[in-house]
Amino acid sequence: MSRARSLIALCALVLTVLVVPGPARADNPIVQTVYTADPAPLVHDGRVYLYTGRDEDSSTYFTMKEWRVWSSADMVNWTDHGSPLNLASFSWASDNAWAGQAVERNGKFYWYVPMKVRATGRMAIGVAVADSPTGPFRDALGRPLADTNEIDPSVFIDDDGQAYLYWGNPNLWYVKLNPDMISFSGSPAKIPLTTAGFGTRTGDANRPTLYEEGPWVYKRGGLYYLVYAAKCCSEFIAYSTAPGPLGPWTYRGTVMPTQGSSFTNHPGLIDFAGSSYFFYHNGALPGGGGYTRSVAVEKFSYRSDGTIPSITMTTAGAPQVGTLDPYTRQEAETIATESGVETEALTAGGRSVSFIDNGDWIKIKGVAFGTGAASFTARVASATSGGRIELRLGSSTGTLAGTCTVPGTGGWQAFADVTCPVTASGTQDLYLRFTGGSGSLFNVDRWQFTRAGSTTPPPTTPPPTTPPPTTPPPTGAGCTAALRVTSTWNGGFQAEVTVTAGAAAVTGWRVGWTLASGQSVSQVWNGSLTTSGSNVTVGNASYNGSLAPGASTTFGLLATGSPATPALSCATA
């Protein structure tokens, strides 16, 4: 959610209470940065992609202007992919970006969504298409696909390749889609809503069955399931089964009873990594309710006869599938739980964690550090004086594994890398805790750890096109050192120093140089820093001092001042 920081500061002075998503301590709801509703999960290529609507902050109606996408490989750490589809994507639509569903076919992704038609004021079903599950999506037709003035599309592709589109409130419609997924032959038809098929509603002669809206259709073990929101208001989730995709349907009972501080609910069911999951929404976030909802998930198991047990909302959510690898690039907007932060789009594409204030934090669950991490690198940007990233284990006030200083970089999208040494091992919940002065501190784009004992440098920005001067290559015993500036910003820089052994093996090394006027070294990783006035010495770490003849290792540093390249000396132990 993008907004001007100056406006935020002004509002903070004027308003005493803002009803927006705030601190959350549980893993459910799974998204805390914005309000989300109407979950539609899709399993693709080892990940779960979650398509949702978005409720506007402080809304007093179903005010929804865009759809959002999230994804996860472990069911607890969810990556925010932003909004690849909104009302403006459809020239014919004016309002009501409500519940939809996406499916994949032949390498294309089709997202079926309901909207109000500008010309008629009626609700209709549109379809968007993309080459990626995260978009960008585009209107596939330039007009509605189906116009019956009803909502909530669900798409199912049967084993024989026939695709079906279902939707409706108060009726339940279906149509057989053509193989192109954006057209159909024949006309939409209604599925008979019988009490045998959909249960008995009391107190409403116009709607004798429990079916309300939000159908979700799938097949499992030769049986067809239709899960739906039942009996408004407040709704519960019910289901029916059938021997075929069009029935006849038999009512089977309750999946999730009425609960959760939201008078609506919406189902989405998948199998992933050998387990079954039920997605829904509630009003559990601060400021949440019937028009400010949040998506959550529970793991469940079908009974031996294929029936679905009654599922209760929890704050714990689904357990983690596997662990998260900190030694590969991770997007900062991959979050299990957070307090205070938001995300926003980057001008270069992707998203960053933004609007970070002092004391805010992000939790990443089940991070597998293994035998140990040596350093942490984050890509950051700040239009102010920056702040610090505290790396804490177990809780936001837990063991301090390391601290990275974030300088001002000259802009909220002027990104640079910062690196700091860390001490972390085993599998831990990682908290990135942000500290600094008042107001917005900095943005974080991505992060990555390096293993203890690794000679691979942490990720940096590309090196300058003109190589800096270096010491001569080693021709005898001893060692040489070469410095390369890897990132610069207003008032500081980051550099990497390569230490190379000569013709003989070395068991330890130290690199020295004299700082230029105005320079100071604030951090070093993969080495041990000592300073005396303007003289700097960096010795080897415990794991990278021994080098075979001609072998190299690196250490990195963060410095203030202009990036003048010094003359380096290298000595062996």
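Note that the sequence shown covers residues -26 to -1, 1 to 547 in mature numbering (1 follows the signal peptide of the UniProt record, and there is no 0). The C-beta atom is built at its ideal place from N, Cα and C for all residues, glycine as well.
Sequence-distant residues of the same chain with beta carbon closer than 7 Å to residue i, five excluded per side
i, result
"N500", "A348, S349, A515, N518, T528, F529, G530"
"C394", "S349, F350, G376, T377, C378, Q497, W499"
"Y276", "S250, I282"
"I4", "W52, V269, A270, V271, G291"
"F172", "T183, L184, Y185, S214, W223, Y225"
"G385", "A355, A357"
Inter-residue CB distance, residue i and residue j (contact presumed, cutoff 8 Å)
i, j, result
"P540", "A475", "Rounded, the Cβ-Cβ distance is 21 Å, inconsistent with contact."
"L374", "R366", "6 Å"
"E470", "R407", "Not quite, the Cβ-Cβ distance comes to about 27 Å (not below 8 Å), so this is no contact."
"residue 550", "T232", "Residue 550 lies beyond the stretch modelled for the chain, which goes from -26 to 547, so this question has no answer here."
"G340", "Q304", "Not quite, the Cβ-Cβ distance comes to about 13 Å (not below 8 Å), so this is no contact."
"G486", "V510", "7 Å"
"E40", "L59", "7 Å"
"P219", "V229", "Contact flag wrong, Cβ pair sits at about 19 Å."
"I125", "N143", "6 Å"
"residue 574", "T289", "Residue coverage of the chain in this structure runs from -26 to 547, which leaves residue 574 outside it and unanswerable."
"I330", "F416", "6 Å"
Chain-order list of residues whose beta-carbon lies under 6 Å from that of residue i (same chain, five-residue window excluded)
i, result
"S128", "Q75, Y140, P189, W190, V191"
"A538", "A490"
"R11", "The question names Arg, but residue 11 is Ala in the sequence shown. If we look at A11 and ignore the five residues flanking it on each side, its Cβ neighbours are G27, D29, H255, R267."
"A479", "A522, P523"
"T7", "E316, T317"
"L151", "A137, L139, F158"
"F246", "V17, V22"
"G427", "Y517"
"N123", "R96, M97"
Residue-level contact to chain B via CB, residue i, 9 Å cutoff
i, result
"V8", "Protein chain content of the structure displayed is limited to a single chain, and chain B is not contained in it."
Contacting residues, own chain, Cβ-Cβ under 8 Å from residue i (five flanking each side not counted)
i, result
"R425", "Y301, G344, T345, G346, A347, A348"
"D133", "K193"
"N256", "P3, Q233, G234, S235, S236, N239, G262, R267, S268, A270, M287"
"T297", "D48, G340, V341, A342, T401"
"C453", "V473, T474, A475, G476, V480, W483, L521, C544, A545, T546"
"F274", "S250, Y251, F252, I282, P283, I285"
"L197", "T215, A216, P217, G280"
Under the three-state DSSP convention, the category residue i falls into
i, result
"G171", "helix"
"R425", "strand"
"S63", "helix"
"T232", "coil"
"D113", "strand"
"H18", "strand"
"K205", "coil"
"M155", "coil"
"D54", "strand"
"F210", "strand"
"F83", "strand"
"V126", "Contrary to the premise, residue 126 reads as Asp rather than Val in this sequence. Looking at D126 - three-state DSSP - the assignment turns out to be coil, as it is neither helix nor strand."
"W41", "strand"
"P118", "coil"
"H255", "strand"
"Q75", "strand"
"M97", "strand"
"S313", "strand"
"L146", "coil"
"T34", "coil"
"E307", "coil"
"Y301", "coil"
"Q294", "coil"
"T238", "coil"
"A451", "coil"
"W223", "coil"
"V418", "strand"
"R181", "coil"
"P217", "coil"
"A163", "strand"
"M49", "coil"
"V8", "coil"
"D29", "strand"
"D403", "strand"
For the region 461 to 540, which segments carrying the beta strand (DSSP E) assignment without a break, of at least 3 residues, lie completely within its bounds, in sequence order? 466 to 475, 483 to 488, 494 to 499, 501 to 506, 509 to 514, 526 to 534
For the structure I just gave you, are there three or more beta carbon pairs, one from the region 41 to 52 and one from the region 17 to 26, closer than 8 Å? yes
Inside the region 257 to 289 only - beta strand (DSSP E) runs reaching at least 3 residues: 268 to 274
Are three or more beta carbon pairs between the region 154 to 161 and the region 101 to 121 nearer than 8 Å? yes
To test your reading of the DSSP string, which unbroken beta strand (DSSP E) runs of 3 or more residues are found completely within the region 333 to 398? 335 to 342, 347 to 356, 361 to 367, 373 to 380, 385 to 398
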